[in-house]
Amino acid sequence: NRLTKLELLSINGCESITDEAIAAVTCSSLTRLDARGCNLTALPDDFGDRLPNLKHLDLDSNSLTALPLSFNRLTKLELLSINGCESITDEAIAAVT
């Protein structure tokens, strides 16, 4: 991984990005990920393990139905925004908090 100092990744509105591309994101220095409006339907099961320093995650307006259980390992996460993710249920959110 050559992006060892990357702290912010914004893919806001990249509707052609795939769930598989998100699954490939691994960056221990990343503190903010903006993935609003990307038509994401799922996050990888190990998402929380891949981004250990994530503080701000914006997933607004995606088609996610759940959050992976590894979210509970995002111990530095201060802000999670899932506005407009109408398929995520309260139960799915409760499972990772």
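Mapping of the sequence shown onto my numbering: position 57 corresponds to residue 486, and the numbering continues sequentially without gaps.
Glycine residues also receive a C-beta, built at the ideal position from the N, C-alpha and C atoms.
Since this is a predicted model, take the numbers as computed values, not measurements.
| said: Could you give the first and the last residue of the continuous alpha helix (DSSP H) run that contains Asp-448? | reply: Mapped onto the sequence shown, residue 448 falls at position 19. For Asp-448, the uninterrupted alpha helix (DSSP H) run begins and ends at 448 to 452, by DSSP.
| By Cβ distance, which residues of its chain are closer than 6 Å to Ala-495, with the 5 residues on each side in sequence left out? | Indexing the sequence shown from 1 puts residue 495 at position 66. If we look at Ala-495 and ignore the five residues flanking it on each side, its Cβ neighbours are Ala-521.
| message | What would DSSP say about Leu-462, mapped onto helix, strand or coil? | response | Position 33 of the sequence shown holds residue 462. The answer is strand: DSSP assigns Leu-462 an E or B state.
| Closest by C-alpha distance to Asn-491, when choosing among Leu-437, Pro-497 and Gly-442 | The residue you call residue 491 lines up with position 62 of the sequence shown. Comparing Cα positions, the closest option is Gly-442.
| query | DSSP three-state call for Ser-499: helix, strand or coil? | reply | Counting from one through the sequence shown, the residue named residue 499 turns up at place 70. It is helical.
| Buried or exposed by the 16-neighbour rule on C-beta atoms within 10 Å, applied to Ala-464 | The count along the sequence shown starts at 1 and reaches residue 464 at position 35. It is buried - the Cβ of Ala-464 has at least 16 other Cβ atoms within 10 Å.
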